[in-house]
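**Student:** Next up is a structure, given as structure tokens.
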Amino acid sequence: MKILQINTSVNTGSTGRIAEDIGRMLIKKGHKSYIAYGNINNNSKSDTVKIGNRIDFLFHVLKSRLFDRHGFGSANATRSLIIQIGRIDPDLIHLHNIHGYYLNSRILFEYLKKKPRPVVWTFHDCWPFTGHCSHFDFVNCYKWQAECHHCPNVHKYPKSLIVDNSRNNFRQKKELYTGLENVTLVSPSEWLAGFLRESFLSDYEIGVIHNGIDLEKFKPAYDKIIMSKYNLKEKYILGVASNWTEKKGISDFIKLRGILDWHIDILLIGLKPEQISSLPEGVKGISRTENTDEIAMLYSGAEAFVNPTYVDNFPTVNIEALACGTPVITYNTGGSSETIDDDTGIVVGKGNVKGLQSAVSELMLKDRQSLADKCRNRAEVFCNSKNMCEKYITLYEKHIKAC
2 MKILQINTSV
12 NTGSTGRIAE
22 DIGRMLIKKG
32 HKSYIAYGNI
42 NNNSKSDTVK
52 IGNRIDFLFH
62 VLKSRLFDRH
72 GFGSANATRS
82 LIIQIGRIDP
92 DLIHLHNIHG
102 YYLNSRILFE
112 YLKKKPRPVV
122 WTFHDCWPFT
132 GHCSHFDFVN
142 CYKWQAECHH
152 CPNVHKYPKS
162 LIVDNSRNNF
172 RQKKELYTGL
182 ENVTLVSPSE
192 WLAGFLRESF
202 LSDYEIGVIH
212 NGIDLEKFKP
222 AYDKIIMSKY
232 NLKEKYILGV
242 ASNWTEKKGI
252 SDFIKLRGIL
262 DWHIDILLIG
272 LKPEQISSLP
282 EGVKGISRTE
292 NTDEIAMLYS
302 GAEAFVNPTY
312 VDNFPTVNIE
322 ALACGTPVIT
332 YNTGGSSETI
342 DDDTGIVVGK
352 GNVKGLQSAV
362 SELMLKDRQS
372 LADKCRNRAE
382 VFCNSKNMCE
392 KYITLYEKHI
402 KAC
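Numbering (the numbering used here), first residue to last: 2 to 404.
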């Protein structure tokens, strides 16, 4: 098989690592793997195709900011991609995130309809079936069930400064994204799969394949050296995000600091330098890093991984923590609660900072080794990247045989 995946990134961030893992499994099984990407590329085992350049990206950002036309810029970049698709001639195309200022939806989907081939489309968020936002639940807006208009989230990603084009975007997405043949939509969570079945995409086959991680990279690896490096107290809780915003709960960590036992540090990974400099006493920050060995050590040493996210689908940071033997405390957000069970973490209502503090105290009363074993076991059974990749490859084979 020749498989082409399309995503914003390769081998970095949650979706980029998922694409990379699938590509590696394909290659291991003797297949050919290509990944076309928009913005960020780390070393990959797959053959990679860069979509557009910095100028394409910036003009797409400008079009989004001024006219709320995210996903409808990058015309030349997308036409060049289509030429590359013709040269590769893949047996199947696997779409991941098609937003991110690098693709033109109309050009891509008109091509997919003219040159039909099997498509697997993994939904890492809600952007494809809304008129603007990637996470409608942040503002509790369900207009997408009928038709988006007067978007209450228009000033959030993908931010528009002036125009609200959500109605037109919604209508065009509905026209473009429906009517494909031999397509399966995949959600990493039961939560998002349920909404897909209520959207204009409901006529497609919809399945659930949980995100997985590399359990050889993320495993229990406690080392006191890492504690010394970051001047951590013996006990600390951990938060990780690729982009710390209000949606990821950074303010709630600051509030938590005010009521958490002062013998417990808070460590946040993925902060920008200006965010680190503004942290209060008792909250330590680290910039984003691709050093998975170090991240695994920090997961492993934490009393708990705390994820006060207000929008999410099936966060890989939760399962990375579990794989390192660390219990998870998460808000009841999207599919985040699906990553844990009663033995491996605690679910708290959105915005309940006192609930976070109580959950930390509750977990610290439990036997740490027994808890670590249960967390690791859940990751091995539920979140193994190998299992995820096998399911995708089985799905590829099913679609290709159906042609």
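The C-beta atom is built at its ideal place from N, Cα and C for all residues, glycine as well.
(1) If we ignore side chains and look at the alpha-carbon of each, how far apart do Ser188 and Phe124 end up?
(2) So within the region 166-254, which uninterrupted beta strand (DSSP E) runs reach at least 3 residues, ignoring any that extend past its ends?
(3) Would you list the one or two residues that DSSP bridges to Gly286?
(4) Helix, strand or coil: which one does DSSP assign to Thr317?
(5) Quick check on DSSP: helix, strand or coil for Asn154?
(6) Look at Ile214 and Ala303 and say whether their C-beta atoms are less than 8 Å apart.
(7) Let me check understanding here. Comparing Cα to Cα, which of Thr16, Val11, Asn54 lies closest to Asn44?
(8) Using CA atoms only, rank isn't needed, just tell me which of Gly250, Thr185, Cys134 is closest to Phe171.
(9) Relative to the C-alpha of Asp313, which candidate in Gly208, His136, Val349 has its C-alpha closest?
(10) Residues bridged to Asp48 by DSSP?
(11) Going by DSSP, what residue range makes up the alpha helix (DSSP H) through Asn8?
(12) By the DSSP assignment, the alpha helix (DSSP H) with Gly17 in it spans what residues?
(13) Which residues in the same chain have their Cβ closer than 7 Å to the Cβ of Lys144, if we skip the five residues on either side of it in sequence?
(14) Where DSSP assigns a beta bridge to Thr123, which residues make up the other side?
(15) Please return the same chain residues whose Cβ sits closer than 7 Å to the Cβ of Asn166, not counting the five positions on each side in sequence.
(16) What is the rounded straight-line gap between the Cα of His32 and the Cα of Lys392?
(17) Between which residues of its own chain and Gly335 is the CB-CB distance below 6 Å, once the five residues before and five after are set aside?
(18) For Gly250, count neighbouring C-beta atoms within 10 Å of its own C-beta (all shown protein chains included) and say buried if the count is 16 or more, exposed if not.
(19) Have a look at the DSSP bridge pairing and note the partners of Asn308.
(20) I'd like the list of long-range same chain contacts for Lys30, defined as Cβ closer than 8 Å, with 5 residues on each side in sequence excluded.
(21) How should Lys180 be labelled, buried or exposed, when 16 other C-beta atoms within 10 angstroms of its C-beta is the threshold for buried?
(22) Tell me the rounded alpha-carbon separation between Ile265 and Ile255.
(23) Looking at the structure shown, is His133 part of a helix, part of a strand, or coil, going by DSSP?
(24) Taking contact to mean 3 or more Cβ pairs, one atom from each stretch, closer than 8 Å, check whether the region 198-209 and the region 326-333 are in contact.
(25) Out of curiosity, what's the CA-to-CA distance linking His61 and Tyr103?
(26) Which residues share a DSSP beta bridge with Asn385?
(27) Please report the straight-line C-alpha distance between Asn8 and Phe58, rounded to a whole angstrom.
(28) In three-state terms, what does DSSP make of Val349?
**Tutor:** According to the data block:
(1) Position 187 of the sequence shown holds residue 188. Position 123 of the sequence shown holds residue 124. Taking the straight line joining both Cα atoms gives about 5 Å.
(2) Runs found: 184-188, 206-209, 236-241.
(3) On the sequence shown, residue 286 is found 285 positions in, with the first residue counted as 1. In the DSSP assignment, Gly286 forms a beta bridge with Leu269.
(4) Sequence index remark: in the sequence shown, residue 317 carries index 316 (1-based). Helix, per DSSP.
(5) Within the sequence shown, numbered from 1, the residue matching residue 154 stands at position 153. Assignment of Asn154 by DSSP, reduced to helix, strand and coil, places it in the coil class.
(6) The residue you call residue 214 lines up with position 213 of the sequence shown. The residue you call residue 303 lines up with position 302 of the sequence shown. Not closer than 8 Å, so no.
(7) Position 43 of the sequence shown, counting from 1, holds the residue named residue 44. When each option's Cα is compared against that of Asn44, the closest is Val11.
(8) Position 170 of the sequence shown, counted from the first residue, corresponds to residue 171. Minimum Cα distance to Phe171 is reached at Cys134.
(9) Stepping through the sequence shown from its first residue, residue 313 is reached at position 312. Out of Gly208, His136, Val349, the CA that lies nearest to the CA of Asp313 is found in His136.
(10) In the sequence shown, the residue the question calls residue 48 occupies position 47. Residue pairing from DSSP places Asp48 in a beta bridge opposite Tyr35.
(11) Within the sequence shown, the letter at position 7 stands for residue 8. In the DSSP annotation of this structure, Asn8 is not part of any alpha helix (DSSP H); the continuous beta strand (DSSP E) holding it starts and ends at 3-11.
(12) Within the sequence shown, numbered from 1, the residue matching residue 17 stands at position 16. Residues 14-29.
(13) Mapped onto the sequence shown, residue 144 falls at position 143. Excluding its 5 nearest sequence neighbours in each direction, Lys144 has C-beta neighbours in its own chain below 7 Å: His150, listed in chain order.
(14) Numbered from 1 along the sequence shown, position 122 holds the residue referred to as residue 123. DSSP output for Thr123 lists Val187 as bridge partner(s).
(15) Translated into the one-based positions of the sequence shown, residue 166 becomes position 165. Sequence-distant Cβ neighbours of Asn166 in its own chain, meaning closer than 7 Å and more than five residues away, are Phe68, Asp69, Arg70.
(16) Numbered from its first residue, the sequence shown carries residue 32 at position 31. Numbered from its first residue, the sequence shown carries residue 392 at position 391. His32 and Lys392: Cα-Cα distance of roughly 15 Å.
(17) Here residue 335 is taken as the residue at index 334 of the sequence shown, counted from 1. Shown here for Gly335: same chain residues with a beta carbon closer than 6 Å to its own, the five before and five after excluded, namely Trp192, Asp313, Asn314 in chain order.
(18) As a first step, residue 250 is located in the sequence shown; it is residue number 249 there, counting from the start. Buried, by the Cβ-count rule.
(19) Here residue 308 corresponds to residue number 307 of the sequence shown, with the count starting at 1. For Asn308, which the question treats as bridged, DSSP gives the partners Thr331.
(20) Here residue 30 is taken as the residue at index 29 of the sequence shown, counted from 1. Excluding five sequence positions before and after Lys30, the CB atoms of its chain that fall closer than 8 Å to its own CB belong to Ile394, given in chain order.
(21) On the sequence shown, position 179 is the one that residue 180 refers to. The identity of residue 180 in the sequence shown is Gly, whereas the question assumes Lys. Exposed, since its Cβ has fewer than 16 Cβ neighbours within 10 Å.
(22) The residue labelled residue 265 in the question sits at position 264 within the sequence shown. The residue labelled residue 255 in the question sits at position 254 within the sequence shown. Using only the alpha carbons, I get a separation of about 13 Å.
(23) Taking the sequence shown and counting its residues from 1, the one referred to as residue 133 is at position 132. Correct three-state label for His133: coil.
(24) The answer is no - the region 326-333 does not touch the region 198-209, with fewer than three Cβ pairs under 8 Å.
(25) On the sequence shown, position 60 is the one that residue 61 refers to. On the sequence shown, position 102 is the one that residue 103 refers to. The C-alpha of His61 lies about 7 Å from the C-alpha of Tyr103.
(26) In the sequence shown, counting from the first residue as 1, residue 385 sits at position 384. Answer is Ile214, bridged to Asn385.
(27) Reading the sequence shown from its first residue, position 7 is the one you call residue 8. Reading the sequence shown from its first residue, position 57 is the one you call residue 58. Cα to Cα, the separation comes out at about 14 Å.
(28) Here the question's residue 349 lines up with position 348 in the sequence shown. Correct three-state label for Val349: strand.
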